Amino acid sequence: MKNILSFLFLSIGLSLSAQIGIKTVTPKAKLDVNGDVNLRNKLVVLNTTDNSLVQGTNGQILVSQGEGYPPIWKTLRIPEYEPNQFYLIFNNSFSDRTGVTFTGTQESTTASTRSASFVKGSDFSTFNNFKKITSLSQPFQVNSTESKTYFQFETVVHTNFPANAATDTSIDYACGIFVDDKLVNLRQGNIKASSASNTFLTHNQIGIASNLTKGTHNISVACSRLQSYNTNNATLGIGINVATNIDSFIAQSSLKVDVYEIPQVFNPILN
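Residue numbers -20 to -1, 1 to 251, in mature numbering (1 follows the signal peptide of the UniProt record, and there is no 0), belong to the letters of the sequence shown in order.
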């Protein structure tokens, strides 16, 4: 009887430590199921911090922590995408206090041919005496062939006009938004003298580009002094103060970039 019991306990120990296969004679883990698994109740994992069993909450998934560590429950924060709907994929904003300045001798030669020169898609190299605002030149990412990219540029235009100058004392200027050095949006403006000295105004423009190619693109903003009226000595500042009635903080430029896409490619979940 003693020998029989010893053999029985030895058999039970071997079976408890052996690998078990269901629909397979060569199990590759302690429990290897070759087929469907139907759980009728809860699935729990070990919390190694306090040795408790955790069954997770609604909407959570099991995530591996690597070999030798138990999996943990995680909340997957990925929105549900609907077909043919645009979603905000990229969003960033930039600022610049350096700006650009122009003297009376730095006017663009395109002032008299604006309609022919300021054409959408034209290369930046063809824009005479346009200066880029340094810190607004930035990369952004597009991941889908169906996208809409919005740009919002805001700055302050400043001059050192004297007070009570002639009513027709003014300066024409222009600012363009470029993607990969190609023009996507341009706005012209005019700053006039007033009863106060050192006139300034706020300039705001919004541009859009549709269906840019997938990959990294570069955004830049460039401005120019186009033409002066009854003043050649005044300095024009865009995104920078040229007199002390305002400072560089007030005059600074900002640019916001939003990329809306119809999602097409998703990163796979790997083991």
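Even glycine gets a Cβ: it sits at the ideal position worked out from N, Cα and C.
None of the values given here were measured: they were computed from a predicted structure.
Could you tell me if residue i is buried or exposed, where buried requires 16 or more neighbouring beta carbons within 10 angstroms of its beta carbon?
i, result
"N221", "buried"
"E126", "exposed"
"V24", "exposed"
"L42", "exposed"
"E62", "exposed"
"L163", "buried"
"V80", "buried"
"A96", "exposed"
"L235", "buried"
"A173", "buried"
"V5", "exposed"
"S88", "buried"
"G48", "exposed"
"I218", "buried"
Less than 8 angstroms between the C-beta atoms of residue i and residue j, yes or no?
i, j, result
"P50", "T29", "no"
"T139", "N178", "yes"
"S117", "S233", "no"
"G187", "I151", "no"
"A202", "F107", "yes"
"G1", "P7", "yes"
"residue 252", "K54", "Past the boundaries of the shown model lies residue 252; the chain is included only from -20 to 251, so the question cannot be answered."
"L206", "A154", "yes"
"I242", "N123", "no"
"P119", "N225", "no"
"V237", "N72", "yes"
"S228", "R94", "no"
"T196", "Q121", "yes"
"N212", "G84", "yes"
Within the same chain, show all residues whose beta-carbon is closer than 6 angstroms to that of residue i, passing over the 5 residues directly before and after it, in chain order.
i, result
"D148", "Y209 and N210"
"Y240", "F66, L68 and K128"
"L181", "V137 and I171"
"L26", "P50"
"Q168", "A154"
"Q185", "F133 and R167"
"F70", "F120, Q121 and V239"
"S200", "K112, S117 and F158"
Going by DSSP, name the residue or residues bridged to residue i.
i, result
"S177", "None; S177 has no bridge partner."
"R167", "C155"
"D160", "Beta-bridge pairing links D160 to no other residue."
"V5", "The partner list for V5 (beta bridge, DSSP) is empty, contrary to what the question assumes."
"R205", "E87 and Y153"
"N72", "V237"
"E134", "N184 and S234"
"I41", "K54"
"S190", "K128"
"D103", "K162"
"F82", "L216"
"P119", "N198"
"L19", "Answer by DSSP bridge pairing: none, since L19 is not bridged."
"Y67", "E241"
"N27", "S32"
"T139", "L216"
"D12", "G1"
Counting only the same chain and skipping the five closest in sequence on each side, list residues whose C-beta sits under 7 angstroms from that of residue i.
i, result
"K22", "Q35"
"N191", "T125, E126 and S127"
"S175", "A143 and N144"
"G101", "K162 and L163"
Please work out which residues of its chain come closer than 8 angstroms, Cβ to Cβ, to residue i, disregarding the five sequence neighbours upstream and downstream, and give them in chain order.
i, result
"F(-12)", "Because the pLDDT of F(-12) is 45, which lies under 50, any placement of that residue in the model is unreliable, and the question is left without a value."
"Q86", "N109 and R205"
"A91", "D152, L206 and Q207"
"K10", "Q(-2) and I(-1)"
"S105", "D161"
"A189", "K128, T129, F131, V159 and V164"
"Q244", "N123, S124, T125 and E126"
"A231", "R77, G79, T135, V136, H138, F180, G217, G219, I220 and N221"
Can you confirm whether residue i, when its beta carbon is compared against all beta carbons of chain C, has any partner nearer than 8 angstroms?
i, result
"T114", "Absent here is chain C; the protein component of the structure consists of one chain."
- Query: Can we say the stretch 102 to 112 touches the stretch 129 to 139, given the rule of at least three CB pairs closer than 8 angstroms?
  - Reply: no
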